[in-house]
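The structure appears right after this line, and notes come after that.
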DNA sequence: GTGGGAATCGAACGGTCGTGCTTTTATGGG
DNA sequence: CCCATAAAAGCACGACCGTTCGATTCCCAC
C-alpha cells in the first residue's frame, strides 16, 4: 500500500515539473519514466492512461496552489490586505522556480494547450478548476467590499478577470520576454486596478 | 517559379490554421501534407526543416496581423481614436474564426509553448516579433499623449503591457472558458485603463 | 517538340509514442 | 518465515514522427 502511493507521489511531482515547461501535452511516459529511473510500463501502471496522468497532474498542482497561494492569504485580515496577499502569493506561484515548477504556472500552459480542444476529461477538469478559482477570487474581492474598501456596486467577476489578465501578462513578460521588471509591472497594474475600484470612484460602466 | 510559390503559400495558410488550435509544436508534416493532399516529402521540400516551417508560419501570421490589425488602425486619426481602433482590431484578430485562424491567436499559443524553451530560431523570432509589436503599441500610445488625451508622464511600456494582459485575459476567457461576455469585458477593462491614464488623473507610481 | 530544371512522389531510415501483455521481483500481514 | 498480493520490469505491437534520397512527373523557355 505505502510503496505504491509514494512512487505515485514522486512521479506526480516530477510530472508536474516537466509539465511546467513542456506543457501537459509535452510530458511523455517514456521521458518521465527515465527521469524516475524506472521502466515505462512500471510507471504506466500507476495511471491507467496518459489522459489520466494529465488530470492527476492538474489535481496535484491544484493542491499545491491551494496550499501555497490561497491558504496563506486566508490568514490575513479580510479586505484589501487579504486580496493583496492573494495577488502577491499568486505572483510568487508563477515564479515557483526552485521547487516543483521550474517552467512557470502549469495552469496557464494547460489553458492554452486545451483551449481549442473539444471537450474531454482533461479540458473539462481544467475548466472546472478555473471556475473554482474565479469563485475563490470573487469571495475575497467581496470581502473587501464588505469592509467598505471597494465600491459597493463593483463587478466582482470583471475584477477577477482583470486580475487574471494582469497575471497572464506577467507570465508573458517574465517567461517569454524574460523581463525582470515583470513582477513590478504586475504590482503597479494591480494597484491601479484596486484604485479604480475604490468607493467614490466614478462608475465606469 | 510560380507554382512553387503558390503551393508554399497554400501550405502556409493551412499550417497557420492548424497551428491556431494545435500550437506551433502541434503541427506535423504528415498531417499537414495529407490536408493538402500531397506527399510528406513533396511538402517537406518547401521548408528545409520543421523549425523553418514554424518560423515561416510566424512570419506569415505577422503579415496577416499587420494587414488586418495595424494598418486599418493607422487610417484613424492619431490619438485615442487610433488606439481604440487598434484594440478593437486586436480583439477581432483573436476571434478571426472564419478565415485563417480557427483556433485563436497563434502568437499566444506560440508564446506559451516556447516561453520556457532555451534560445532557438523559433523562440528568438517570436520574441523579436513581440518586441516589435510592443514598439508599435507604444508609438500609438504616445500619439494619444501628444494629442493631449493621455497623461504626459504616462509609462507607455507599462500601458502596453497592461493592454497585452487584457487581451491575454480575453483569449483565456473566450477560448478556454467559452465565455461570451469576454469581448465586452475586454472593452470595459480597456476603457478603465484609458481612463486611469487621462490627464489630471493622480499619478499612481 | 524537346531538353532541362523545378516540383512532387514513393519508399525507407531510426526513433519515439501510448499501450497491451506476461513475467519477475518486492512487500508486508498472518 | 511464507505466501498472497502489489509493484515493477521486459518485451512487443502498430502508429506516427522528421528527414533523406533517388526516381518520376510536370512546366516552360527555346
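Protein chains in written order, with the UniProt record's numbering: chain A, 1 to 205; chain B, 1 to 205. Even for Gly, the Cβ is constructed at its ideal location relative to N, Cα and C.
Asked, Found
"With 16 other Cβ atoms within 10 Å as the buried cut-off, status of residue 161(A)", "buried"
"Proximity below 9 Å, CB of residue 208(B) to CB of residue 102(A)", "In the structure as shown, chain B begins at 1 and stops at 205. Residue 208(B) is therefore absent and cannot be evaluated."
"Interface residues of chain A facing residue 130(B) [CB-CB closer than 8 Å]", "176, 177"
"Under 7 Å by beta carbon: chain B residues contacting residue 185(A)", "158, 161"
"Length at least 4, wholly inside the stretch 100–158 of chain B: the alpha helix (DSSP H) runs in chain order", "106–114, 121–146"
"Run of the alpha helix (DSSP H) containing residue 48(A), from where it starts to where it stops", "No alpha helix (DSSP H) contains residue 48(A), which DSSP labels as neither H nor E."
"The stretch 171–183 of chain B in contact with the stretch 107–115 of chain A per 3-pair CB rule at 8 Å", "yes"
"Residue-level contact to chain B via CB, residue 104(A), 9 Å cutoff", "yes"
"Spatially closest choice to residue 136(A) from 199(A), 17(A), 70(A), 125(A), by CA coordinates", "70(A)"
"Option nearest residue 148(A) by Cα separation, candidates 36(A), 31(A), 79(A)", "79(A)"
"Backbone secondary structure at residue 177(B) - three-state DSSP", "coil"
"Span of the alpha helix (DSSP H), counted from its first residue to its last, around residue 3(B)", "2–22"
"Exposure of residue 54(B), with buried meaning 16 or more beta-carbon neighbours within 10 Å", "buried"
"Coarse secondary structure for residue 205(A), derived from DSSP in three states", "The predicted model places residue 205(A) with a pLDDT of 48, which falls under 50 and marks its position as unreliable, so this point remains unresolved."
"Residue 26(B), enclosing alpha helix (DSSP H) - first and last residue", "Element bounds for residue 26(B): n/a, residue is neither H nor E."
"Partners in chain B for residue 198(A), counting only beta-carbon separations shorter than 9 Å", "In chain order: nothing, as chain B lies at least about 12 Å away."
"Whole-Å CB distance - residue 210(B) paired with residue 169(B), under 8 Å assumed", "Nothing about residue 210(B) can be reported from this structure: the residues present for chain B run from 1 to 205 only."
"is_contact[residue 137(A), chain B] using C-beta, thresh 9 Å", "no"
"Stretch pair the stretch 123–135 of chain A + the stretch 117–132 of chain B: three plus CB contacts closer than 8 Å", "no"
"Closest residue to residue 100(B) among 61(B), 91(B), 130(B) (Cα-Cα distance)", "61(B)"
"Residue 231(B) - containing alpha helix (DSSP H), residue span", "No information on residue 231(B) is available, as it lies outside the stretch 1 to 205 that chain B covers here."
"Three-state class that DSSP yields for residue 41(B) in the structure shown", "helix"
"contact_flag[the stretch 73–87 of chain B, the stretch 139–147 of chain B] where n(CB pairs < 8 Å) is 3 or more", "yes"
"Reduced DSSP category for residue 185(A) - H, G, I as helix; E, B as strand; rest coil", "helix"
"CB contact below 9 Å: residue 65(A) versus chain B", "no"
"Alpha-carbon to alpha-carbon, residue 66(A) and residue 165(A)", "20 Å"
"Under 8 Å by beta carbon: chain B residues contacting residue 23(A)", "112, 113"
"Inter-residue spacing [alpha-carbon to alpha-carbon] between residue 59(B) and residue 6(A)", "47 Å"
"Through-space distance from residue 29(B) to residue 47(B), alpha-carbon basis", "10 Å"
"Whole-angstrom C-beta distance between residue 94(B) and residue 167(B), which should lie under 8 Å", "7 Å"
"Whether residue 199(B) touches residue 151(B) by CB criterion (9 Å)", "yes"
"Under 9 Å by beta carbon: chain B residues contacting residue 172(A)", "108, 111, 112, 115, 130, 161, 164, 165, 168"
"Which of helix, strand or coil DSSP assigns to residue 169(B)", "helix"
"Beta-carbon contacts of residue 205(B) that lie in its chain and below 7 Å, excluding the five residues immediately before and after", "Model confidence at residue 205(B) stands at a pLDDT of 48, short of 50, so the residue's coordinates are unreliable; what they give is reported in the following sentence. Contacts found: none."
"Distance between residue 74(A) and residue 89(A) (C-alpha atoms, nearest Å)", "11 Å"
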